[in-house]
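Report on the following structure.
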Amino acid sequence: MATYLDRLNQDQRRAVEYGVAKGAAPAGPLLIIAGAGSGKTNTLAHRVAHLLVNGAAPQRLLLMTFSRRAAAEMARRVERIAGNALGVENAAAALDWAGTFHGIGARLLREYASAIGIEPAFTIHDREDSADLMNIVRHDLGLSHTAERFPAKGTCLAIYSRSVNEERDLDDVLPHIFPWCAAWEKELKRLFKAYVEAKQTQNVLDYDDLLLYWSAMMEDAGIAADLSDRFDHVFVDEYQDTNRLQASILTRLKPDGRGVVVVGDDAQSIYSFRAATVRNILDFPGQYSPPAAIVTLTQNYRSTAPILAASNAVIGLAGERYAKDLWTERRGSDRPALVVVADEADQARFVVSRILESREAGTVLKQQAVLFRSSSHSAALEIELTRRNIPFVKFGGLKFLDTAHVKDVLATLRFAENPRDRVAGFRVLQLLPGVGPATAAEILDRIAVASDPPTAIATYAPPARAETDWRAFADLALGLVRGDAGWPADIERARLWYEPHLERLHDDAQLRRADLVQLEQIAAGYPSRQRFLTELTLDPPDATTDNAVPPLLDEDYLILSTIHSAKGQEWKSVYLLNAIDGAIPSDLAAGTTAELEEERRLLYVAMTRAEDTLDIIVPQRCYVVQQRRNGDRHLYAQRTRFSPEKLLVHFQPRLWAPSRAGTQPRPAVAPVDIRQRMKSRWG
């Protein structure tokens with residue numbers, strides 16, 4: 011009697027026991043649809059362990075996940091479960107074919123290198139190395155000196171990668187995904203050919219090659235048969251996040267599907283920007299004859315019943331999906347709150363008030379998370395958290411105040427506030443074409459000795475190569491130093507001056523411009539430029555990415571995260587920002603039905619991260635960034651279309667407004683000059 015399976019629920023056990031018996035040949039393909047919080051990892055680990063207990067050879071099991079950490083965790087669980095069942099230690103010690111798609115690909119390519127014409131000692135380029143090599147080739151072909159702006163190295167690599175991973179020709183990828191680069195199709199083909207030749211000459215493979223070469227070698231019948239025979243069972247975790255190239259590898263590895271088990275949830279397919287496609291999991295059963303068996307896991311162990319009811323209702327309106335309604339034994343009386351606030355500033359105040367309220371009730375900051383569709387959506391909240399001395403860690407890109415474009419604009423304002431600030435001046439001056447470190451230093455030296463810095467700027471004769479852009483900068487600097495426009499018009503003027511440089515420096519200028527508009531709106535809430543710069547400089551947030559380690563400066567900290575980075579995580583309390591049309595769904599991802607459906611799944615993923623409480627915030631007024639210049643405007647926001655009127659029964663509506671406490675005027679204080687005191691301190 012397999013007592014080690016007793017802790018599984020009925021559906022989990024069906025998935026684990028499907029086609030498994032001592033001495034039996036591998037069963038037909040199996041798809042496990044694992045709803046959010048349904049114990050997916052536990053189920054998959056038990057199935058692998060169950061196969062081992064029933065005589066499967068561990069070295070003939072191939073397990074592919076999307077991170078090395080996930081693969082290591084899976085191996086540990088399998089070892090523990092199988093070891094307990096067999097009464098021995100290290101029961102899964104030989105489960106060494108567990109890893110990421112790319113890691114497994116690299117191992118196999120080295121083994122089969124001589125058979126496919128590559129050197130087994132090849133080196134692997136990471137994304138930065140690949141972009142640098144792309145740039146070298148780009149320069150050698152003369153594409154960095156074109157009369158019109160050719161795509162930057164990062165964009166070129168992104169186009170190449172998308173074409174490879176989606177198995178789509180360049181003439182199909184460009185108009186649909188990179189339309190602003192479509193005019194360069196001929197040049198890009200030449201670049202990519204030269205890039206491939208350069209890699210081959212240098213005996214290097216890039217990240218995408220690990221899949222591309224693996225797929226290509228599987229087109230050889232002899233290699234495909236040999237590799238297929240090595241593995242009796244093939245497992246793929248998070249199948250909804252695979253791309254077409256990965257699906258092709260799996261199909262060529264096991265054409266009849268015997269021994270294949272894929273696990274995932276179509277409702278959590280949210281990575282199309284990485285070339286993942288929900289079609290892989292939706293079409294999986296039908297690509298075999300007879301079709302793959304399907305087991306659906308619907309019992310949720312994470313969220314309360316009211317949260318699941320609302321989440322089910324949202325995803326239930328999806329156009330195409332595997333039908334399932336998550337359920338739970340966790341009772342709860344509070345429906346998710348749908349909180350209406352006046353604007354984004356009040357949204358930040360509300361979230362902070364709820365965070366502190368929850369903390370006082372016993373929910374530590376680490377068990378609370380604020381989620382958002384785009385990294386820029388947390389800008390006002392980050393500043394409010396800093397002001398209220400609430401530590402936080404952000405996942406999903408650089409923090410707002412540490413992004414290059416925001417720092418450029420802030421440096422422009424700081425230089426205007428104090429033209430002798432060499433750090434700010436050095437950064438701003440080098441934004442000008444033709445101004446390098448030496449020229450910037452010369453200008454700053456001149457300003458440092460001038461009795462009137464604005465005059466020094468106005469009378470400076472720039473090098474001929476910088477002459478075109480110098481006058482616009484000098485006019486801006488003089489106007490900002492004198493405060494001609496006043497505050498907060500100063501920051502608008504700085505932004506408008508910076509925008510042409512933004513477009514020159516960054517391929518994703520439109521997205522970055524949204525951050526600058528957001529910064530401008532935040533600045534409007536401060537009484538002066540000096541106050542604004544001071545409060546933002548006193549305690550600037552640290553830049554953190556998805557892989558960053560939280561700072562150990564505080565025993566507790568709040569989690570801020572994009573929805574994409576939050577997938578697979580869970581918290582007791584979740585706050586979702588900007589549940590409005592234009593934010594979710596994003597204006598930039600609402601062009602097709604497929605894009606809208608992915609945006610719906612994003613909202614579902616966000617909602618199902620919550621264990622006990624869920625607050626979804628709807629600002630009534632927001633600042634919308636339009637595609638055309640000068641088209642930005644304040645708008646009364648519409649609640650996200652993914653929560654239509656008929657679904658409101660699943661939510662608790664709430665209207666929130668902050669208390670506005672009055673302040674007493676402070677008495678006048680006689681002026682004191684303490685500069686000499688500061689100097690005399692040092693003798």
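In this text, residue positions in the sequence shown follow this note's numbering: the first is 11, and each later residue adds one.
Idealized CB from N, CA, C, for every residue including glycine.
None of the values given here were measured: they were computed from a predicted structure.
* When the Cα atoms are used, what is the spatial distance from E392 to D242? -> 51 Å
* Nearest-angstrom Cα separation, counted from L612 out to C191 -> 28 Å
* Tell me which same chain residues have a C-beta within less than 6 Å of the C-beta of R432, skipping the five on either side of it? -> L454
* Under a three-way DSSP split, which group does A717 fall into? -> With the chain covering only 11 through 693, there is no way to say anything about residue 717.
* **Residue burial classification, T650 (beta-carbon count within 10 angstroms, cutoff 16)** => buried
* alpha helix (DSSP H) runs contained entirely in the region 506-537, provided each spans 4 or more residues -> Whole alpha helix (DSSP H) segments, 4+ residues: 519-533.
* Are at least three pairs of beta-carbons, each pair with one atom in the region 190-204 and one in the region 212-220, less than 8 Å apart? -> The region 190-204 makes no contact with the region 212-220: fewer than 3 CB pairs, one atom from each, lie closer than 8 Å.
* **Residue range of the unbroken alpha helix (DSSP H) whose run includes W497** => That residue, W497, is in no alpha helix (DSSP H); it is neither H nor E in DSSP.
* Asked: Got a sec, what are the start and stop residues for the alpha helix (DSSP H) P463 sits in?
  -> Per DSSP, P463 belongs to the alpha helix (DSSP H) from 463-469.
* With respect to the alpha helix (DSSP H) encompassing M227, which residues constitute its N-terminal and C-terminal limits? -> From DSSP, the alpha helix (DSSP H) with M227 extends over 219-227.
* Asked: Since Q357 and I365 are thought to touch, with beta carbons under 8 Å apart, how far apart are those beta carbons, to the nearest angstrom?
  -> About 13 Å; that fails the 8 Å criterion.
* Asked: Using the C-alpha atoms, what's the distance from A352 back to G326?
  -> 30 Å
* To do: Below 6 Å CB to CB, which residues in the same chain sit around R23 once its five sequence neighbours on both sides are set aside?
  => L15
* Ignore the nearest five residues each way along the sequence and tell me which others in F245's own chain have a CB closer than 6 Å to its CB. => Listed in chain order, the non-local C-beta contacts of F245 below 6 Å within the same chain comprise L73, V271, local neighbours out to five positions each way being set aside.
* Asked: Can you list, in chain order, the residues of its chain whose CB lies under 7 Å from that of A234, leaving out five sequence neighbours each side?
  -> M228, R262
* Of the residues A46, V361, Q520, which one's Cα is nearest the Cα of I626? -> V361
* Asked: From S363 to L18, what distance separates their C-alpha atoms?
  -> 40 Å
* Beta-carbon proximity check, T422 vs A499, cutoff 7 Å -> The answer is no: Cβ separation not under 7 Å.
* Asked: For the alpha helix (DSSP H) that V445 lies in, which residues bound it at each end?
  -> Annotation for V445: no alpha helix (DSSP H) segment contains it, and DSSP assigns it neither H nor E.
* Asked: What first and last residue would you give for the beta strand (DSSP E) that runs through R664?
  -> 662-665
* Identity of the residues DSSP links to N253 by a beta bridge -> The partner list for N253 (beta bridge, DSSP) reads A286.
* Just tell me which of Y332, Q520, E207 has its CA closest to the CA of R148. => E207
* Helix, strand or coil for L151 per DSSP? -> coil
* Asked: Taking the C-alpha atoms as reference points, what is the distance between R341 and T252?
  -> Whole-angstrom Cα-Cα distance: 35 Å.
* Mind checking if R481 is an interface residue toward chain B, Cβ cutoff 7 Å exclusive? -> Of the protein chains in the structure, only one exists, and it is not chain B.
* To do: At 3 residues or longer, and completely inside the region 285-366: list those beta strand (DSSP E) runs for me, N to C.
  => 303-307, 347-353
* Asked: Given R424, which residues of its chain have a CB within under 7 Å of its CB, disregarding the five upstream and five downstream residues?
  -> D431, A434, L543
* **Cα-Cα separation between W666 and V628, rounded to whole angstroms** => 10 Å
* From V491 to S461, what does the alpha carbon distance come to, in whole angstroms? -> Looking at the backbone, the Cα of V491 and that of S461 are separated by about 14 Å.
* Using 8 Å as the Cβ pair cut-off and three pairs as the minimum, do the region 286-302 and the region 27-46 touch? -> yes
* Any idea if K203 is buried or exposed, counting beta-carbon neighbours within 10 angstroms, 16 or more meaning buried? -> Exposed: under 16 other Cβ atoms inside 10 Å.
* Asked: Relative to the C-alpha of R619, which residue among E394, L570, L260, V419 is closest?
  -> Distance from the Cα of R619 is smallest, within the candidate group E394, L570, L260, V419, for L570.
* To do: Have a look at T623 and V615 and give me their C-alpha separation to the nearest angstrom.
  => 15 Å
* For E177, which option in W194, Y223, F160, S140 has the closest C-alpha, if you only look at C-alpha atoms? -> By alpha-carbon distance to E177, the top candidate from W194, Y223, F160, S140 is Y223.
* Does DSSP put Y585 in a helix, in a strand, or in coil? -> strand
* To do: Report yes if the C-beta distance between G702 and R397 is below 7 Å; otherwise report no.
  => The requested residue 702 is not part of the displayed model; the chain covers only 11 to 693.
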